[in-house]
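Visitor: Note that UniProt numbering has the sequence shown beginning at 1, numbered continuously upward. Cβ atoms here follow ideal geometry from the backbone N, Cα and C, with glycine treated the same way.
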Amino acid sequence: MENRLREYDFIRVLCVLGVIAIHVTSHFVTRTDFAFIWNQLSRFAVPMFMLLSGFFLFYQDRQLQLHQRPSMKKRMKRLIIPYILWTIIYALYTQSGLLHNQNYFMWTDYLFKSLWQGKGYVHLYFMLIVFQFYLLYPWLRSWYYRSPNSMLFVSFILTVGIQSLIYLSQHAKVGFLLPKLWWSYSIPIPVWIFFFTAGMFLAQCREHWENWLKGKILWLLLAWALTFGLIVMDTIWSRTYTLSNKPSIILYCFICFFLFYNMGRLFYQKKNPLHSIFNWISEQSFLIFLLHPLLLSYLSSLAVANKLEFLWKGNLGIVNQYLITVIVTLLITYFLSRFSWIHLLGGVPPKRRAKGIAANITHTPKQTT
1 MENRLREYDF IRVLCVLGVI AIHVTSHFVT RTDFAFIWNQ LSRFAVPMFM LLSGFFLFYQ
61 DRQLQLHQRP SMKKRMKRLI IPYILWTIIY ALYTQSGLLH NQNYFMWTDY LFKSLWQGKG
121 YVHLYFMLIV FQFYLLYPWL RSWYYRSPNS MLFVSFILTV GIQSLIYLSQ HAKVGFLLPK
181 LWWSYSIPIP VWIFFFTAGM FLAQCREHWE NWLKGKILWL LLAWALTFGL IVMDTIWSRT
241 YTLSNKPSII LYCFICFFLF YNMGRLFYQK KNPLHSIFNW ISEQSFLIFL LHPLLLSYLS
301 SLAVANKLEF LWKGNLGIVN QYLITVIVTL LITYFLSRFS WIHLLGGVPP KRRAKGIAAN
361 ITHTPKQTT
């Protein structure tokens with residue numbers, strides 16, 4: 001009998017909802033305590049997506065022998081095509097003035113720079129990071145099988161070291177200029193590589209740590225509260241309100257991952273009509289991730305132009321903006337997912353959904369006593 005890795009559907013749903021929360025609250029994070037706390041609560045989302053990328057890639061290839069190279073062609077295609085199309089869509093949206101004034105050369109120049117630098121919109125840099133992971137994955141997998149400890153150690157040092165530099169460079173009480181790069185410091189793979197390699201490790205040792213976590217949800221809640229408190233104090237002290245590249249978030253991300261896994265296990269213990277909704281959101285999480293900033297930006301512009309205070313005034317306005325963004329994004333995603341071509345935009349078409357996603361399929365683990 002085969003079952004989905006349902007707990008990971010739960011985790012992925014929380015990640016995509018967390019990313020939306022970060023984008024909604026980022027404009028209000030220094031205005032209200034509510035927005036600040038909500039924003040910091042959601043800071044697990046981006047690094048956890050990196051972790052899940054490593055987890056699912058390695059899990060899909062668990063049956064391959066060491067000498068067998070994992071197939072990356074289809075994976076690359078599913079990443080590159082949506083990246084190009086969404087960069088074009090966001091360029092049409094944000095630079096419509098250039099086209100209106102017939103400045104086609106400037107618009108084309110902007111498009112190519114956006115594709116090269118991952119600056120098409122606020123979230124598209126993530127695609128370039130995953131692209132780097134995909135390029136290096138066969139080599140990382142080979143390294144992991146030869147010497148997992150050394151790979152984890154080196155990747156940990158790289159990520160902690162570079163994130164510490166980024167954090168200190170933006171620290172209110174330290175602050176210094178890092179060497180200028182043609183890209184953002186959020187994009188180079190060393191900034192995130194530990195999350196990816198740790199995901200590979202967690203995929204290989206899945207049954208061991210899953211069994212170990214049973215019955216430890218109270219301890220995880222305590223650890224979560226402590227690490228969240230650390231992030232809040234750190235952010236206030238350093239004034240790094242919108243920064244996800246800092247060491248305190250590394251610890252917070254892993255605590256959240258284990259906590260969410262246990263929460264997911266409890267969520268799926270009994271039949272619940274929400275199960276199918278969570279499964280669907282998980283399947284379409286990539287499309288939701290790519291689509292929601294466009295809708296959020298349009299909603300914000302609409303609110304300002306028409307003085308719709310209920311969408312931006314006070315804490316209730318923030319909640320309203322979040323709920324409307326989530327609901328409208330899900331509705332449009334559902335509509336688009338009915339079309340067979342939706343994979344070009346990062347969605348999962350009907351036929352592929354019927355077969356199930358390979359990354360979420362596993363044999364039922366045996367019970368341990």
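Buried or exposed for L14, please, with buried defined as at least 16 other CB atoms from any protein chain shown within 10 angstroms of its CB.
Guide: L14 should be labelled buried.
Visitor: Based on Cα-Cα distance, which residue from A225, F36, L135 lies nearest to K77?
Guide: Minimum Cα distance to K77 is reached at L135.
Visitor: Give the DSSP-derived three-state secondary structure of C15 in the structure shown.
Guide: C15: helix per DSSP, three-state reduction.
Visitor: If I measure Cβ to Cβ from V24 and keep anything under 7 angstroms in the same chain, skipping five residues before and after, which residues do I get?
Guide: Cβ neighbours of V24 beyond the five flanking positions: L296, I318, Q321, Y322, T325.
Visitor: Is it true that the region 238 to 252 meets the region 161 to 175, where meeting means three or more beta-carbon pairs spaced less than 8 angstroms apart?
Guide: Result yes; three or more Cβ-Cβ pairs closer than 8 angstroms.
Visitor: Grab the span of the alpha helix (DSSP H) containing I250 for me, first residue to last.
Guide: Segment 247 to 267, the alpha helix (DSSP H) holding I250.
Visitor: Could you please give the first and the last residue of the uninterrupted alpha helix (DSSP H) stretch that includes K118?
Guide: Sequence inspection shows Gly at residue 118; the Lys mentioned does not correspond to that position. Premise fails: G118 is in no alpha helix (DSSP H) and is neither H nor E.
Visitor: Evaluate contact between the region 38 to 46 and the region 289 to 304, counting only Cβ atoms and requiring at least three cross-stretch pairs below 8 angstroms.
Guide: No, because fewer than three Cβ pairs between the region 38 to 46 and the region 289 to 304 fall closer than 8 angstroms, the two stretches do not touch.
Visitor: What's the gap between the Cα of L213 and the Cα of M127?
Guide: For L213 and M127, the distance between alpha carbons rounds to 32 angstroms.
Visitor: Give the single residue among F176, L331, L274, L316 whose Cα lies nearest to the Cα of W38.
Guide: Selected option, being the one with the closest Cα: L316.
Visitor: Between the region 49 to 59 and the region 335 to 353, do three or more beta carbon pairs fall short of 8 angstroms?
Guide: Output reads no: the region 335 to 353 does not touch the region 49 to 59.
Visitor: Just to confirm before moving on: does the CB-CB distance between S285 and V16 stay below 7 angstroms?
Guide: Taking 7 angstroms as the Cβ cut-off, S285 and V16 qualify as a contacting pair.
Visitor: Report yes if the C-beta distance between A223 and I255 is below 7 angstroms; otherwise report no.
Guide: A contact, by the Cβ cut-off of 7 angstroms.
Visitor: Pull up the distance between the alpha-carbon of L99 and that of K113, whole angstroms please.
Guide: Going from the Cα of L99 to the Cα of K113 covers about 17 angstroms.
Visitor: Given a cut-off of 7 angstroms, decide if I193 and S155 are closer than it, judged by their beta-carbon atoms.
Guide: Contact: yes.
Visitor: Could you work out which residue in L165, V328, Y125, G120 is closest to F49 when comparing CA atoms only?
Guide: Closest by alpha carbon: Y125.
Visitor: Going by beta carbon distance, what residues of the same chain come within less than 6 angstroms of F267, once the five residues before and after it are set aside?
Guide: F10, listed in sequence order.
Visitor: By how many angstroms is the C-alpha of R265 removed from the C-alpha of K271?
Guide: Rounded to the nearest angstrom, the two C-alpha atoms are 12 angstroms apart.
Visitor: Measure the Cβ-Cβ separation of T333 and I288 and say whether it is below 7 angstroms.
Guide: Yes. Within cutoff.
Visitor: With a Cβ-Cβ cutoff of 7 angstroms, do Y145 and M151 count as a contact?
Guide: Going by C-beta atoms, Y145 is not nearer than 7 angstroms to M151.
Visitor: Can you have a look at F200 and say buried or exposed, based on whether 16 or more other CB atoms are within 10 angstroms of its CB?
Guide: The question names Phe, yet the displayed sequence has Met at residue 200. Looking at its Cβ environment, which holds 16 or more other Cβ atoms inside 10 Å, M200 is buried.
Visitor: To the nearest angstrom, how far is the alpha carbon of W237 from that of A35?
Guide: Approximately 17 angstroms between the Cα atoms of the pair.
Visitor: With a threshold of 16 other CB atoms inside 10 Å of the CB of D234, please say whether the residue is buried or exposed.
Guide: So D234 ends up on the buried side.
Visitor: W341: which of V29, L85, W209, S26 sits nearest, CA to CA?
Guide: Out of V29, L85, W209, S26, L85 has the C-alpha closest to the C-alpha of W341.
Visitor: Give the C-beta separation of T87 and L41 to the nearest angstrom, bearing in mind that I take them to be a contact with Cβ-Cβ under 8 angstroms.
Guide: 30 angstroms between Cβ atoms; not a contact.
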